[in-house]
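Read through the structure below, which is laid out as C-alpha cells, and then see the notes.
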Amino acid sequence: MGLFSTLNTGYSGLNVNQSAIATTSNNISNASNPDYTRQRTQIVSSGAIHAPNGDIGMGAKVETIVRIKNDFLFSRYETANKDLSYFNTLQQNINEIANYFPDVKDVGLNKDIKEYYNAWSELANNPNDNALKVNLASKTQILSNTIKSTREKIDTLNKSIDEQIKVYTDEVNDLVKQIANLNKEINKVEANNINHANDLRDKRDKAEKRLVELTGASITKNGLQSMGLADANVADYEENYVINLGGYPLVDNSTYHSLNLEPNPKSKDNFNSILFEKQDYSKVDITKNIPKQSIIGGLLEFRGTSFDEKGSLIDGYSGKYIDELNAFSKTLIQTTNSIYAYSAQEEPTGEQLFDPISLTDKQINQYPLSSPQVEKSLANPVRNGTLTLSAYDNNGSFIKDIKIDIDKDKTLQDNIDKINTELTNSGIDYEAKIQNGNIVFVKTDTDSDSALNNGALLVKDDGSLLFNALNDIQYKNISKVNNENLSLPIKDGSFDIVTYDENGEELARRTITINSKSNDPMYSTMEGILSQINMSNIDDNDDNDNSNDVDDYYKAEFTNGALSLNKKTDETTYIGFDNDSANFSGSVGINKFFSGDDSTTISLNQKFIDNPELIHAYKAPSEGNNDVANAMVQMQYDKLEFTTKDGTTTNTISGYYRYIVSDVANDSDRINTNVDNQKALFTTIEQEYQSVSGVNMDEEMTNLMKFQSGYQAAAKVITTISTMLDTLMGIKN
Numbered sequence: 002m003g004l005f006s007t008l009n010t011g012y013s014g015l016n017v018n019q020s021a022i023a024t025t026s027n028n029i030s031n032a033s034n035p036d037y038t039r040q041r042t043q044i045v046s047s048g049a050i051h052a053p054n055g056d057i058g059m060g061a062k063v064e065t066i067v068r069i070k071n072d073f074l075f076s077r078y079e080t081a082n083k084d085l086s087y088f089n090t091l092q093q094n095i096n097e098i099a100n101y102f103p104d105v106k107d108v109g110l111n112k113d114i115k116e117y118y119n120a121w122s123e124l125a126n127n128p129n130d131n132a133l134k135v136n137l138a139s140k141t142q143i144l145s146n147t148i149k150s151t152r153e154k155i156d157t158l159n160k161s162i163d164e165q166i167k168v169y170t171d172e173v174n175d176l177v178k179q180i181a182n183l184n185k186e187i188n189k190v191e192a193n194n195i196n197h198a199n200d201l202r203d204k205r206d207k208a209e210k211r212l213v214e215l216t217g218a219s220i221t222k223n224g225l226q227s228m229g230l231a232d233a234n235v236a237d238y239e240e241n242y243v244i245n246l247g248g249y250p251l252v253d254n255s256t257y258h259s260l261n262l263e264p265n266p267k268s269k270d271n272f273n274s275i276l277f278e279k280q281d282y283s284k285v286d287i288t289k290n291i292p293k294q295s296i297i298g299g300l301l302e303f304r305g306t307s308f309d310e311k312g313s314l315i316d317g318y319s320g321k322y323i324d325e326l327n328a329f330s331k332t333l334i335q336t337t338n339s340i341y342a343y344s345a346q347e348e349p350t351g352e353q354l355f356d357p358i359s360l361t362d363k364q365i366n367q368y369p370l371s372s373p374q375v376e377k378s379l380a381n382p383v384r385n386g387t388l389t390l391s392a393y394d395n396n397g398s399f400i401k402d403i404k405i406d407i408d409k410d411k412t413l414q415d416n417i418d419k420i421n422t423e424l425t426n427s428g429i430d431y432e433a434k435i436q437n438g439n440i441v442f443v444k445t446d447t448d449s450d451s452a453l454n455n456g457a458l459l460v461k462d463d464g465s466l467l468f469n470a471l472n473d474i475q476y477k478n479i480s481k482v483n484n485e486n487l488s489l490p491i492k493d494g495s496f497d498i499v500t501y502d503e504n505g506e507e508l509a510r511r512t513i514t515i516n517s518k519s520n521d522p523m524y525s526t527m528e529g530i531l532s533q534i535n536m537s538n539i540d541d542n543d544d545n546d547n548s549n550d551v552d553d554y555y556k557a558e559f560t561n562g563a564l565s566l567n568k569k570t571d572e573t574t575y576i577g578f579d580n581d582s583a584n585f586s587g588s589v590g591i592n593k594f595f596s597g598d599d600s601t602t603i604s605l606n607q608k609f610i611d612n613p614e615l616i617h618a619y620k621a622p623s624e625g626n627n628d629v630a631n632a633m634v635q636m637q638y639d640k641l642e643f644t645t646k647d648g649t650t651t652n653t654i655s656g657y658y659r660y661i662v663s664d665v666a667n668d669s670d671r672i673n674t675n676v677d678n679q680k681a682l683f684t685t686i687e688q689e690y691q692s693v694s695g696v697n698m699d700e701e702m703t704n705l706m707k708f709q710s711g712y713q714a715a716a717k718v719i720t721t722i723s724t725m726l727d728t729l730m731g732i733k734n
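Structure, rendered in C-alpha cells:
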C-alpha cells in the first residue's frame with residue numbers, strides 16, 4: 002500500500018467528519034423545532050486491501066444520513082396529542098355552556114323562577130288587583146325570555162361549532178393532498194434505496210400529526226426498518242403508507258380522497274354532515290364514523306349528530322342540554338296551562354291540532370279511493386280492510402261492534418253508503434255523513450222509533466286506514482296522537498269538566514277518564530273523550546234530573562282541527578277543568594296561559610301580553626276567588642314529570658332546573674379532570690418520544706467535539722503523509 006493510498010484514507014476521514022459535523026450542526030439549528038427529528042450520519046468502512054500480512058483499511062465513507070425515529074413511539078405521541086386536543090375541545094365548549102346555567106341562587110333562571118311564583122303568590126293575596134296582574138305578566142315574560150335566551154345561546158354555540166367543523170374539514174383536505182404529494186416526492190428521493198428524504202418525512206410527520214389530531218384517522222405503515230443502528234431505537238422508512246378514516250382510505254401512498262360537507266336534510270338548522278367521496282365520485286356519510294377522540298370528533302360529540310322528527314338535535318352534549326331544557330319548558334307550559342284551564346270561560350277553544358283533509362265532490366262521488374285523483378289529497382293510501390265501529394247506549398255502556406269491509410276501489414261515498422247500511426241493519430241510531438270533506442257520525446233515528454238510543458259511535462279499529470288517510474285525529478289512539486300531532490302529550494289519567502252559573506256556583510261536574518292502553522275507544526281516543534263529555538244520560542248531580550248535567554249546558558267538538566266547548570243554552574254559564582292529572586287541557590291548548598311548546602317558543606299568551614288585566618286568579622268566576630292562583634303557587638312545590646329521550650324523572654320545577662345545572666357542572670368537572678390527566682400523560686409520552694427523536698444539546702455538543710477531533714486527526718494524517726512525501730521527494734533530488 003503506497004503513501005498516496007494512505008493520503009486518500011486520511012482524506013476520507015476529513016469527508017466523513019465534515020459530513021458528521023454538518024449533520025450535528027443541522028441538529029443544533031433545529032433544536033427548537035418541535036417537528037424536527039434529529040439525524041445521524043451513518044459512517045461505514047470503505048473496504049480494505051488484502052495484503053499478505055493482513056487487510057489494510059481504506060478509510061471510511063458516509064453511507065447515508067438517517068433520522069433517529071421510532072414510529073411506534075411517534076404513534077403513541079400522536080395518539081396522546083390527539084386525545085389531549087379532544088379533551089381541550091370539549092373543555093372549551095363545556096365551559097361556555099356552564100356560563101349559560103349559573104349555579105348561583107339569585108342569578109339567571111333560578112332568580113326568574115322564584116320571582117315568577119312570587120308574582121302568583123301576590124296575585125293570590127289580591128286576586129282583583131290589576132297592577133299585580135301586570136307584574137305577573139312581566140315576570141312571566143322575563144322567565145320565558147330567559148329560557149329562550151339560554152336556548153338561543155346553545156343554538157348559537159352549535160352553529161359556531163358547525164362553522165369550526167367546516168374550517169377543520171377544509172384543513173383536512175389540504176393535509177391529505179399535502180401528504181399524498183409528499184409521499185410522491187419521498188418516493189422519488191428514496192428510489193435508489195440509499196438516500197433518505199429526512200426533511201420531507203419530517204414535513205409529512207407534521208402534517209400526519211395534525212391530521213390525526215383533527216380526525217383521529219388511523220395510519221398504516223408496512224415495511225418499517227431498523228436501519229441497523231444498534232445503539233438507537235429506530236423504526237422508520239416504511240414501504241407502504243395508508244391513512245384510513247371511518248373505514249375509508251383518505252390517503253393511499255400518493256393518491257388521496259377529499260371530504261365533503263353537506264347540510265343534513267334532517268336538521269332544521271342545516272347542520273353539516275361529513276361525506277367521503279369515493280373513486281366513482283359517489284358520496285357516503287361518515288359523520289358518525291369519525292373517531293370521537295379527535296378535534297372534529299369532539300366537536301361532533303358536543304354538537305350531536307342525530308335529529309328528531311322536528312330537526313332538533315337529540316344527542317351530544319348540546320343535544321342533551323337542549324333536551325333537558327325542553328323537558329323543563331314543556332312541563333312548565335303544560336302543567337301551568339292545565340291549571341290555568343281550571344279558570345272557567347264561557348266558550349273556550351283550544352289550539353288547532355291538525356288540518357282536516359277536505360275532498361271535493363268529484364273526489365267523493367266519482368273517483369275510487371285508490372285512484373290518483375283521490376290519493377294525492379290523502380295523508381296516506383286507503384287499503385282494503387275491516388273498519389270496526391263500537392256502539393254505546395246513552396249511559397256510555399258498550400252495546401256492540403259493527404264491522405264493515407272498506408273497498409279502496411270504490412268511491413268514498415260508496416263506502417259511506419255501505420257503512421250506513423250496516424248501521425241500519427244493526428239498529429244503531431247513527432248515520433255516517435261527509436261534512437266539509439270529512440266523515441262524521443251523526444245521531445239519526447234509523448229505526449223510526451222516535452228515540453235516539455245510542456250515545457256514541459266510535460272507531461275501534463281502522464284496518465283500512467280510511468280515517469287516518471283523512472287525517473281525522475279524533476279517531477286515533479291517544480298514544481298515536483301524542484306521537485304525531487301533539488307537542489305536549491296527553492297522559493293516562495283523568496280530569497273533571499265543570500260548569501258554573503254567572504255567580505260562580507257549580508252547576509255540574511263530570512269526571513273524564515283517559516287510558517291509551519285500553520281497547521275501548523271510549524277511553525283511548527279523542528272522540529271517545531268528547532263522547533264522555535257529551536254523553537246524555539249521565540246524572541252528574543245524582544238528582545235524577547237529566548236536564549242539569551254537563552252535556553245539557555255544553556257540547557264538545559272539533560272545529561277546524563281545534564277542540565271547542567260550545568254552549569247549548571242562552572244562559573250565562575262558564576265551563577272549566579279541574580283535577581287534570583292527564584294534562585288534557587294543557588295538551589289541547591284550552592285557555593292557555595303560556596303559548597309555545599318548548600324552549601324556543603315559550604311565551605306568555607299574546608292576549609295577556611296585550612292586556613294583562615285579562616289574567617284571572619279564579620277557578621269559579623266569582624268575586625275574590627283565587628283558587629287558580631293558589632294552585633299555581635302550590636305547583637312550585639309539586640313533584641312533576643320531566644320527560645327526555647332518556648326517560649322520565651320526577652322533580653319540582655326549581656329542583657329540575659338545579660338538576661340541569663348540576664348535570665352541566667358534573668360534565669364540566671369530569672372533562673376538566675380528563676384534561677388535567679391527559680396533560681400529564683401527554684407530557685410523559687412527549688418526553689419519552691423526544692428522548693429518542695428530539696435534539697439533546699449535551700449529546701450534540703459531545704458529538705461536535707468528537708467529530709471536530711476526528712477532523713483534526715484526519716488533517717494531521719494528511720499533514721504527516723505530506724511531510725513523508727516531501728522527505729521522499731528530497732531523497733530523489
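With the first letter of the sequence shown counted as 1, position 380 gets the number 381 in our numbering; the numbers rise by one all the way through. From the three backbone atoms N, C-alpha and C, an ideal C-beta is built for every residue, glycine too. Predicted model, so just to flag it, every value in this text is computed and none were measured.
Cross-strand partners of residue i (DSSP beta bridge)
i: T560; result: A563
i: K284; result: E278
i: R511; result: I498
i: G648; result: T645
i: D36; result: Bridge partners of D36: none, in fact.
i: H51; result: D56
i: I440; result: I435
i: T721; result: Paired residues: none, contrary to the question.
CB contact flag (residue i, residue j, <8 angstroms)
i: L390; j: T151; result: no
i: I287; j: L246; result: yes
i: I358; j: L471; result: yes
i: I66; j: T38; result: no
i: P128; j: N504; result: no
i: L212; j: I180; result: yes
i: D553; j: D540; result: no
i: N199; j: Y242; result: no
i: D270; j: K149; result: no
i: V629; j: A618; result: yes
i: K620; j: Y343; result: yes
i: A583; j: G464; result: no
i: S86; j: I296; result: yes
Cα-Cα separation, residue i to residue j
i: S259; j: P103; result: 42 angstroms
i: T387; j: V443; result: 21 angstroms
i: S33; j: F683; result: 19 angstroms
i: Y501; j: L489; result: 28 angstroms
i: D408; j: E572; result: 47 angstroms
i: Q475; j: M527; result: 4 angstroms
i: A457; j: I479; result: 18 angstroms
i: N652; j: V460; result: 37 angstroms
i: K204; j: K115; result: 60 angstroms
i: G428; j: V383; result: 27 angstroms
i: D362; j: I435; result: 10 angstroms
Closer than 7 angstroms: residue i CB and nearest the ligand ATP heavy atom
i: E689; result: Ligands in the displayed structure: none, and consequently the ligand ATP is not present.
Whole-number beta carbon distance between residue j and residue i, since they are thought to touch under 8 angstroms
i: I155; j: I323; result: 6 angstroms
i: A138; j: E352; result: Contact flag wrong, Cβ pair sits at about 20 angstroms.
i: N82; j: K293; result: Their Cβ separation, rounded to whole angstroms, is 15 angstroms, which puts N82 and K293 out of contact at 8 angstroms.
Sequence-distant residues of the same chain with beta carbon closer than 8 angstroms to residue i, five excluded per side
i: I732; result: none
i: L705; result: I22, T25, S26, I29
i: G248; result: I287, N290
i: T412; result: I365, N366, Q367, Y368, P369, L370
i: A328; result: F643, T644, T645, Y657
i: Y257; result: V177, K178, I180, A181, L251
Own chain, CB closer than 7 angstroms to residue i, minus 5 neighbours either side, in chain order
i: L300; result: T90, I162, Q165, I166
i: K267; result: F308, G312
i: K134; result: L124, P613, E614, I616
i: N675; result: F88
Cutoff 6 angstroms; reference residue i; Cβ partners in own chain excluding five residues on either side
i: A231; result: With a pLDDT of 47 at A231, under the threshold of 50, the modelled position of this residue cannot be trusted; read the value that follows with caution. There are no such residues.
i: N94; result: F303
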